[in-house]
Amino acid sequence: MSDRELSIRQRARRALLTGALLRRESLITLALTALLVIADLQPLPDWQPWYWLVAGALALAALVAGHLGDAESASHVLHEEFAARYEIHSIRNATSRERLRRALEYSAAMQHMADLHQGALRESLRQTAADVETWIAHMVHLARHIDTFEENDLVSRDLKAVPRRIAQTRQRLASEQDPPIQGELQRQLEQLQQQLENLNAVGSHGQRAVLRLENALASLGTMHAQMALLGTRKADSSGARQMRQEIRDEVSELQDTIEAMDEVQAGHLRLQ
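Residue numbers for the sequence shown follow this note's numbering, so the first one is 909 and each next one is one higher.
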């Protein structure tokens, strides 16, 4: 688990604890305890006011523990923190943003299912759910690349302009008689051809990124269904190990796509 994911979980736990303390039941317990101490009620002989403090603290601890143990609440808070940390709302492509929202829903459901199991399987599935967060982090990164690609007006403009410039340069080169000028035109033609090749690569990788994000969501849905089946068959442990390997493979593929887009976009910038 990365430092970023650990930080998210720590923030989620703090948010969950704060939420438990600020729940209506907790506030009522605190207020009632304070009133009983101030009123100095003595339901039994030799009753001391601080007994109410102990009773109130025990009641509050039970309420907080119950809330912290609520898997659904924990998952909801965790994934709210995750969405906020990675600023999913800032993804400008509506389709990408919706896919990330659905991915978070799958992740929350997987965390909840992990908490329903016991023993070693529970810990294994919790780690699987944590690995899914790495998966989604890569999906967010990929979605930002898609935003960058779609908002790069220069790529669209150059895809139209560069082929025309290539044709014009070829015409000039065919009619030019001066050797030094021919040399300059030849170098210009080679540079334009390289630029067009790079532009086409940028467009191809942009389309690839969109498909990769779509496929990542579909794979996550399949993983969610597989986790739902665990506990209904004997090979639970081996199934959990297989899921974690599949997640690592998926993360690796996402990383490869991101690195390829980084390289192509950097190459395009160098040629501008």
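C-beta atoms are modelled at their ideal positions from N, C-alpha and C, and glycine is treated no differently. As the structure is a prediction and not an experimental result, all values here were calculated from the model.
Bounds of the alpha helix (DSSP H) holding HIS1132 are 1087 to 1137. With distances taken between CA atoms, ALA1117 lies nearest to PHE1057 out of PHE1057, LYS1068 and GLN1150. In this structure ALA1037 is in contact with GLN1019, their Cβ atoms being roughly 4 angstroms apart against a cut-off of 8 angstroms. Taking 4 residues as the shortest admissible run, the stretch 1003 to 1034 contains no complete alpha helix (DSSP H) segment at all.
Within 10 angstroms of the beta-carbon of GLN1103 lie 16 or more other beta-carbons, which makes it buried. Look at GLN1163 here: in three-state DSSP terms it is helix.
If you look at GLU995, you'll find it isn't in any alpha helix (DSSP H); DSSP assigns it neither H nor E. With contacts defined by Cβ atoms closer than 7 angstroms, LEU968 and THR937 form a contacting pair. Following the DSSP letters along the chain, one finds LEU1062 inside the alpha helix (DSSP H) bounded by residues 1061 to 1083. Following the DSSP letters along the chain, one finds ARG931 in no alpha helix (DSSP H), marked with neither H nor E.
Taking each of ARG1120, ALA942 and THR926 in turn and checking the Cα distance to ALA973, the smallest one comes out for THR926. Non-local C-beta neighbours of ALA1017 in its own chain, meaning closer than 7 angstroms and more than five positions away in sequence, comprise HIS1132, ordered along the chain. Listed in chain order, the non-local C-beta contacts of LEU1081 below 8 angstroms within the same chain comprise GLN1090, LEU1093, GLN1094 and LEU1097, local neighbours out to five positions each way being set aside. Assignment of GLN950 by DSSP, reduced to helix, strand and coil, places it in the coil class. In this structure, DSSP gives ARG1152 a helical state, which the three-state scheme calls helix.
Exclusion of the five residues before and after ASP948 leaves PRO957 as the residues of its chain whose Cβ lies within less than 8 angstroms of its Cβ. When C-alpha distances from GLU1059 are compared across SER1015, GLY1111 and ALA965, the shortest belongs to GLY1111. Here DSSP, grouped into helix, strand and coil, assigns TRP955 to coil.
By the criterion of a C-beta distance shorter than 7 angstroms, ALA1136 is surrounded in its chain by MET1021, once the five residues flanking it on both sides are discounted. Non-local C-beta neighbours of LEU944 in its own chain, meaning closer than 7 angstroms and more than five positions away in sequence, comprise TRP960, ordered along the chain. The beta carbons of LEU1121 and ARG1010 sit about 11 angstroms from each other, so the pair does not count as a contact at 8 angstroms. Sequence-distant Cβ neighbours of LEU1128 in its own chain, meaning closer than 6 angstroms and more than five residues away, are ALA1011 and TYR1014. The three-state secondary structure of ARG1052, taken from DSSP, is helix. Rounded to whole angstroms, the gap between the alpha carbons of ALA939 and GLU1041 is 39 angstroms.
ILE1044 and LEU952 have their C-alpha atoms spaced approximately 58 angstroms apart. In terms of CA proximity to LEU1050, SER1004 leads the group SER1004, ILE1155 and ASP954.
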